[in-house]
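A.B. asks: Just passing along the structure, written as structure tokens.
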Amino acid sequence: MKMKKIALGATLVCLLCTSLLAFADEWYEGGTLENANGNEWREASEENKVASAGGLLKEMYEQGYLDPRVFPDVNSVDDLRPHAESLSMYTDEVINHVVEGAESPAQAERLLRYMLGPLTYGAARMGEAASEE
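With the working numbering as the guide, the letters of the sequence shown map in order to residues 9 to 141.
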């Protein structure tokens, strides 16, 4: 009898977890960094960075702004994930470049505070990298 209760409890937990996952946000939803400054970007989680980049790319995709020559492998929103991860990486690269080039931590803090829309800088760096290939 005790084993049946344990098995029933485990089954209920699995069903609950499965139903919760069904209502989870998509990977590109919930990002909060579209209007962030450099400091906010730098302190954000990787998940938030990718979701923010993904949200931006999804919006561009849905409005027809993604050049198929640059994004030939994108046939759906889900195909954008590797590009969102790259955009996040390039944005991190730009942020790190600012920090490394600053004369002091205080100067880096100020520069990043006034660096609005870091995804824009990341997108520019991503475009440069694509043209270099």
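Where is the CB? At the ideal position from N, CA and C, for every residue including glycine.
Just so it is clear, the structure is predicted and the values come from calculations on it, not from any experiment.
Going along the chain, which residues of its own chain have a beta-carbon closer than 6 Å to the beta-carbon of V85, five neighbours each way excluded?
C.D. replies: K66
A.B. asks: If contacts are defined as beta-carbon pairs under 8 Å, then P98 and M134 qualify, I think. What distance do you get, rounded to the angstrom?
C.D. replies: It is worth fixing the name first, because residue 98 is Tyr in this sequence and not Pro. With a Cβ gap of about 4 Å, Y98 and M134 count as contacting.
A.B. asks: On the CB-based measure, 16 or more other CB atoms within 10 Å of its CB, does L29 come out buried or exposed?
C.D. replies: Low per-residue confidence applies at L29: pLDDT is 37, beneath 50, and the placement is therefore not dependable, though the value from the model is reported in the following sentence. The residue in question, L29, is exposed, as its Cβ has fewer than 16 Cβ neighbours within 10 Å.
A.B. asks: On the three-state DSSP scale, how would you describe N56?
C.D. replies: helix
A.B. asks: Just verifying my parser: in three-state terms, what is the DSSP assignment at N45?
C.D. replies: It is a strand residue.
A.B. asks: Determine whether the beta carbon atoms of A138 and V78 lie at a separation below 8 Å.
C.D. replies: yes
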